[in-house]
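Residue numbers for the sequence shown follow the working numbering, beginning at 8 and rising by one.
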Amino acid sequence: MPAKKAANQPRKSMKIKKGDTVKVIAGTDKGAQGKVISVLREQQRVIVEGVNRVKKHTKVVDAGGRSGKSGGIITTEAPIHVSNVMLVEGDGVTRVGFRRDEVTKRRSDGSTYTAHRSVRVSRSTGEEI
């Protein structure tokens with residue numbers, strides 16, 4: 008029997024974010040590109056526009072009024088694991104890394120100080136994403 012995860016375990020940051028264009032590298036939709044609609048951090052999954060489409064059967068419910076009855080078969084995107092997608096950069100795909108940049112920040116009283124900011128970078132080109 009596998010060990011259970013601790014409830015107060017720190018969350019892993021995901022390298023793919025909402026709005027990124029990704030390419031599917033494994034599964035039935037391999038090769039498809041799309042925009043990330045949402046990120047499910049707890050399950051380590053992403054929902055990509057036009058990828059992993061499934062049909063959902065919804066019950067007919069009488070809502071009343073002008074809306075009438077809603078129901079039937081709805082086609083929607085299902086989540087896929089984040090390891091099955093890669094970030095698109097230019098013509099190809101790239102892995103994502105992080106870099107700590109030193110920045111100057113300003114306090115409310117007008118004084119300045121240096122701090123560090125984490126930015127995503129392309130592993131292939133080294134440019135900021």
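Idealized CB from N, CA, C, for every residue including glycine.
Which stretch, first to last residue, makes up the beta strand (DSSP E) that contains V61? Your numbering for residue 61 matches position 54 in the sequence shown. Run containing V61: R60 to D69, per the beta strand (DSSP E) assignment.
Tell me the DSSP secondary structure of S90 in three-state form. Indexing the sequence shown from 1 puts residue 90 at position 83. It is helical.
In the structure shown, what three-state DSSP assignment does G78 receive? Within the sequence shown, numbered from 1, the residue matching residue 78 stands at position 71. In the structure shown, G78 sits in a strand (DSSP, three-state: E or B).
Taking the beta strand (DSSP E) that R114 belongs to, which residues open and close that run? Sequence index remark: in the sequence shown, residue 114 carries index 107 (1-based). Segment: none, R114 is in no beta strand (DSSP E) and carries neither H nor E.
For the beta strand (DSSP E) that S45 lies in, which residues bound it at each end? For the purposes of this step, residue 45 is taken as residue 38 along the sequence shown, with counting starting at 1. Segment Q40 to L47, the beta strand (DSSP E) holding S45.
Does the structure place the region 46–57 close enough to the region 101–118 that three or more beta carbon pairs sit under 8 Å? no
Look at G198 and R130 and say whether their C-beta atoms are less than 8 Å apart. Only positions 8 to 136 of the chain appear in the structure, and residue 198 is not among them; the question remains open.
Can we say the region 74–89 touches the region 59–66, given the rule of at least three CB pairs closer than 8 Å? yes
Who are S20's beta bridge partners in DSSP? The residue given as residue 20 occupies position 13 in the sequence shown. None, per the DSSP bridge assignment.
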